[in-house]
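Written out below as structure tokens is the structure these notes cover.
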Amino acid sequence: AITQKLAMTTLSEDRVAKEAAKMEKAMSKEEARMARELEKKMSSKVVIKRVERNKRKCVTSVFGLDVFGVDLKKTAKTFANHFACGGSVSKNPQGLDEIVVQGDFSEEILELICKNHPEVPRDNIELTEEKKPKKVAA
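Start counting the sequence shown at 2; every next residue gets the next number (this note's numbering).
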């Protein structure tokens, strides 16, 4: 009877050791996943683009905020209220979400993002301007 109890205790010790090894492996996997996620965040860019529509009208599109965990609908509403203009979330040609604000507010949007969303590093924000090619008169 004593030898059976001894055998049972060694089995339970083996189980405990296996469980500890599993937990250690799970923790290391979680840490690696977090490190990859952080690296992805730091390598991604937020692009604020001024797109000319016609003659003197233009829109400002903000792309890449979703990577940093920013709620796009709330941010679009904030932009629209702050600048007293139309702001919405739409799909860009690549099929990803972007915020479109009516009017040229690229500099102001940059400042507002830096103020309201400290999780987005300023170095990762890029300002670009896109103009339609002029029609050549024949």
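C-beta: ideal position from N, C-alpha, C; glycine also.
Whether or not the region 36-46 and the region 77-94 are in contact is what I'm after, with contact meaning three or more pairs of Cβ atoms, one per stretch, closer than 8 angstroms; do they touch? no
Sequence-distant residues of its chain with Cβ nearer than 7 angstroms to Ile126 (five each side left out): Val47, Ile49, Leu111 and Ile114
Quick check on the DSSP output: the alpha helix (DSSP H) that includes Leu73 runs from which residue to which? Leu73 to Phe84
Would you call the CB atoms of His118 and Val71 closer than 7 angstroms? yes
Close beta carbons around Asp67, own chain, < 7 angstroms, minus the five adjacent residues each side: Leu73 and Asp98
Express the C-alpha separation of Ala22 and Asp15 in angstroms, rounding to a whole number. 11 angstroms
Opposing strand residues paired with Gln103 [DSSP bridges]: Val60
Kindly indicate which three-state DSSP category Lys30 falls into: helix, strand or coil? helix
Excluding sequence positions up to five away, which residues of its chain have a Cβ less than 7 angstroms from the Cβ of Cys65? Sequence inspection shows Gly at residue 65; the Cys mentioned does not correspond to that position. Only Ser45, Lys46, Val47 and Val48 meet the Cβ criterion.
Quick check on Lys116: does DSSP put it in helix, strand or coil? helix
Please report the residue range of the beta strand (DSSP E) in which Arg51 lies. Val47 to Asn55
Rounded straight-line distance, which links the Cα of Lys56 to that of Glu38: 42 angstroms
Using the C-alpha atoms, what's the distance from Arg123 back to Arg51? 18 angstroms
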